[in-house]
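Enquirer: Got a structure here, written out as C-alpha cells. Questions coming.
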Amino acid sequence: MLFAQHGWADTNREISRWANALADRDAVVVSPDLGFWRTWWRMTPLVDEVDRMASAWHARFPTVPKRIVGHSMGGLIWLEVLDRHPDWWPTVQRLSLVGSPVGGADLGRILDPFGLGIGMARDLGHNRRPLAEKIAQQVPTQIITSDFDGGSDGTVPLQCSRFRHGQYVELSGIPHDALKRHPHVARVVRHFWQNEPVVASPEERQIDSIIAKLEAVPGMTDAHGRDFVRSRPWGELPGRLTLRTWVNPFGVHHVFLADADNRCRFAGFVGWIHTSALYSTLQSLHDDD
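According to the numbering used here, the stretch in the sequence shown is residues 182 to 470, in order.
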C-alpha cells in the first residue's frame, strides 16, 4: 500500500495522480482528499480522518507493507498518525517527508506570533522534531527538500525540514508546491525504496549532535539561510566546523553552522530575551570541543 497525503491549502488531485504514477504496478494507492478549506482550520480533525481511512486499510491487510509519502503538512499529519499507531511501524517500509516543516513552519509563527491558536497557524508552527526522530529510529525515513531561493523551497526553510536519523536529500530549483508532482522527486523516492538507507558518517553524526544542541536553545527558531553570507565567524570547532553569528537591524541574533566546505548546515535565530542563552550554548560547544 502507498499512502500519499497532500498538505495545507490543497486537495489530493495532483498528489494522487503523482502517487499512482510512482507506485508499483500491484500497489494500492490511498490518497485522502481533506478538502481545500478544511486545511485552514485545525489539524486534529484532518489527522483523525487520515487515521480512520488508514486504520480501515490496515485492518483489511494488517501485514501488507506500507509506504508513505507526505507533502508539506501531509507529512506532519502522517507523523501524528504513526505516533498513534506504533504497532504499525514494523509494516512501514519507507516514510518520505517532502517539504514538510517538521521543526515548525515560520509562516505559522508569523501568522500566530504570540501562540494564540489562530487557525492552522498554531498547528503548523509546532515543533515535531522529537516525534520525527523517535519514528525515524524505527522506520526508514527520507527527508526531501529543495533549495529554490538560497535557503528554502520558497515556503519552508531547508533547516525546518531537517531532523536526526532521517536520510536527507536536498534538491535545487523546485518550488514548494511543485515538489508533490515533480518527476525528479519521484526518482529520489524510488531510489529510497530500492536501496538500503545510508548510514550517517561520523562527520555527519557530529554535525547532527551540534545542531541538536543549537535547536535546544530556548526560543530557537529555524531561519532562512540567505543571511549566512552576512555572518561572521564566532568560533572554530573540530572537523573544520565553524560557528557564525549575525545580528539583523532589529537586534535579533542569528547563528549559523558552517561545514568544512563553508556550506551552511544550520541557520536559526532567537528573540531578544534568549540572546544570553544562545551565547552560553555557543561557549559551551566551543569549550566542550
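We put the CB at the ideal spot given by N, CA and C, even for glycine.
Predicted model only: the values in this text are computed from it and were never measured.
1. How many angstroms separate the CA atom of Phe184 from the CA atom of Ser412?
2. Quick one: grab the DSSP three-state call for Pro414.
3. Excluding five sequence neighbours on each side, which residues of the same chain lie with their C-beta closer than 8 Å to the C-beta of Trp189?
4. Which residue from Ala448, Asp328, Met234 puts its Cα closest to that of Leu352?
5. Whose C-alpha, out of His266, Leu424, Phe431, His346, is nearest the C-alpha of Ala381?
6. How long is the line joining the alpha carbons of Asp442 and Ile454, rounded to whole angstroms?
7. Mind reading off the beta-carbon distance from Pro282 to Val231? Whole number of angstroms is fine, and I expect it under 8 Å.
8. How many angstroms separate the CA atom of Asp403 from the CA atom of Gly420?
9. Per the contact definition of three or more C-beta pairs closer than 8 Å, is the stretch 263-280 in contact with the stretch 308-328?
10. Buried or exposed for Glu261, going by 16 or more other Cβ atoms inside 10 Å?
11. Just to confirm before moving on: does the CB-CB distance between Leu459 and Val410 stay below 8 Å?
12. Quick check: the Cα distance between Thr192 and Glu385, rounded to an integer number of angstroms?
13. In the DSSP assignment, find the unbroken beta strand (DSSP E) run with Gly255 in it and report its ends.
14. How would you label Gly256, buried or exposed, when you count the other beta carbons within 10 angstroms and need 16 or more for buried?
15. Can you grab the Cα-Cα spacing for the pair Ala200 / Arg444, in whole Å?
16. Does Ser342 have its Cβ less than 8 Å from a Cβ in chain C?
17. Rounded to whole angstroms, what is the Cα-Cα separation between His405 and Leu463?
18. Determine the DSSP secondary structure at Ser212, reduced to helix, strand or coil.
19. Please list the segments of the alpha helix (DSSP H) lying wholly inside the stretch 306-380, counting only runs of 4 or more residues, in order along the chain.
20. Here's a check: name, in chain order, each residue in its chain whose Cβ is nearer than 6 Å to the Cβ of Leu203, leaving out the five neighbours to either side.
21. In its own chain, which residues sit with a C-beta less than 7 Å from the C-beta of His266, not counting the 5 before and 5 after it?
22. Which value, in whole angstroms, describes the spacing of the CA atoms of Asp207 and Trp238?
23. Could you pull out every residue in the same chain whose Cβ sits closer than 6 Å to the Cβ of Cys341, ignoring the five residues on either side in sequence?
24. When DSSP labels each residue in this structure, what does Pro294 get in the three-state scheme?
25. Along the chain, where does the alpha helix (DSSP H) that runs through Arg407 open and close?
26. In angstroms with no decimal places, state the Cα-to-Cα distance between Trp259 and Gly251.
27. For Lys247, which residues does DSSP report across the bridge?
28. What are the partner residues of His435, as DSSP defines its beta bridges?
29. Please name the residue, chosen from Arg275, Ser236, Arg198, Glu396, that lies closest to Gln375 on a Cα-to-Cα basis.
30. Based on the DSSP output, what are the partners of Val231 in its beta bridges?
Expert: With the structure as the only source:
1. Position 3 of the sequence shown, counted from the first residue, corresponds to residue 184. Position 231 of the sequence shown, counted from the first residue, corresponds to residue 412. The alpha-carbon atoms of Phe184 and Ser412 are separated by roughly 42 Å.
2. Within the sequence shown, residue 414 is the residue found at index 233, counting from 1. Strand at Pro414.
3. By 1-based counting over the sequence shown, the position of residue 189 is 8. Only Thr220, Trp221, Ser253, Met254, Met301, Leu305 meet the Cβ criterion.
4. Residue numbering aside, residue 352 sits at position 171 when the sequence shown is read from its first letter. Measuring C-alpha to C-alpha distances from Leu352 to each of Ala448, Asp328, Met234 identifies Asp328 as the nearest.
5. Sequence index remark: in the sequence shown, residue 381 carries index 200 (1-based). Minimum Cα distance to Ala381 is reached at His346.
6. On the sequence shown, residue 442 is found 261 positions in, with the first residue counted as 1. On the sequence shown, residue 454 is found 273 positions in, with the first residue counted as 1. Going from the Cα of Asp442 to the Cα of Ile454 covers about 33 Å.
7. Within the sequence shown, the letter at position 101 stands for residue 282. Within the sequence shown, the letter at position 50 stands for residue 231. Actually they do not touch by this definition, with Cβ atoms about 18 Å apart.
8. Taking the sequence shown and counting its residues from 1, the one referred to as residue 403 is at position 222. Taking the sequence shown and counting its residues from 1, the one referred to as residue 420 is at position 239. Cα-Cα distance, rounded: 23 Å.
9. Touching, yes, given that three or more Cβ pairs across the two stretches are closer than 8 Å.
10. As a first step, residue 261 must be located in the sequence shown, where it is residue number 80. Looking at its Cβ environment, which holds 16 or more other Cβ atoms inside 10 Å, Glu261 is buried.
11. For the purposes of this step, residue 459 is taken as residue 278 along the sequence shown, with counting starting at 1. For the purposes of this step, residue 410 is taken as residue 229 along the sequence shown, with counting starting at 1. Not closer than 8 Å, so no.
12. Start at 1 with the first residue of the sequence shown, and residue 192 comes out as number 11. Start at 1 with the first residue of the sequence shown, and residue 385 comes out as number 204. In this structure, the straight-line span from the alpha carbon of Thr192 to that of Glu385 is close to 37 Å.
13. Position 74 of the sequence shown, counted from the start, is the residue given in the question as residue 255. Not the beta strand (DSSP E): Gly255 falls in the alpha helix (DSSP H), residues 254-265.
14. Numbered from its first residue, the sequence shown carries residue 256 at position 75. When all chains shown are included, Gly256 counts as buried.
15. What you label residue 200 is simply residue 19 of the sequence shown in a count that begins at 1. What you label residue 444 is simply residue 263 of the sequence shown in a count that begins at 1. Rounded to whole angstroms, Ala200 to Arg444 spans 33 Å at the Cα level.
16. The structure shown contains no chain C; it holds only a single protein chain.
17. One-based indexing of the sequence shown puts residue 405 at position 224. One-based indexing of the sequence shown puts residue 463 at position 282. One alpha carbon belongs to His405, the other to Leu463, and they sit about 20 Å apart.
18. Numbered from 1 along the sequence shown, position 31 holds the residue referred to as residue 212. Ser212: coil per DSSP, three-state reduction.
19. Every alpha helix (DSSP H) stretch that sits fully inside the stretch 306-380 and reaches 4 residues is listed by chain position as 310-317, 339-342, 364-375.
20. Reading the sequence shown from its first residue, position 22 is the one you call residue 203. So the qualifying residues of the chain are Ala367.
21. One-based indexing of the sequence shown puts residue 266 at position 85. If you ignore the 5 residues before and after His266, its C-beta comes within less than 7 Å of no other C-beta in its own chain.
22. Along the sequence shown, read from residue 1 onward, the residue named residue 207 stands at position 26. Along the sequence shown, read from residue 1 onward, the residue named residue 238 stands at position 57. Each residue's alpha carbon lies about 15 Å from the other.
23. As a working mapping, residue 341 is identified with position 160 in the sequence shown. Cβ within range, chain order: Pro282, Gly284, Asp403.
24. Working through the sequence shown from its first residue, we reach residue 294 at position 113. Its pLDDT being 48, under 50, Pro294 is placed unreliably by the model, and nothing is read from it.
25. The count along the sequence shown starts at 1 and reaches residue 407 at position 226. Taken as a continuous stretch (DSSP letters only), Arg407 belongs to no alpha helix (DSSP H), as it is neither H nor E.
26. As a working mapping, residue 259 is identified with position 78 in the sequence shown. As a working mapping, residue 251 is identified with position 70 in the sequence shown. Looking at the two C-alpha atoms, the distance is approximately 7 Å.
27. Residue 247 sits at position 66 when you count from the first residue of the sequence shown. Note: Lys247 sits in a beta bridge opposite Val273.
28. Taking the first residue of the sequence shown as position 1, residue 435 is located at position 254. In the DSSP assignment, His435 is bridged to Trp427, Phe450.
29. The count along the sequence shown starts at 1 and reaches residue 375 at position 194. Proximity to Gln375 across Arg275, Ser236, Arg198, Glu396 peaks at Arg275, based on C-alpha coordinates.
30. In the sequence shown, residue 231 corresponds to position 50, counting from 1. BP columns for Val231 are empty, so no partner.
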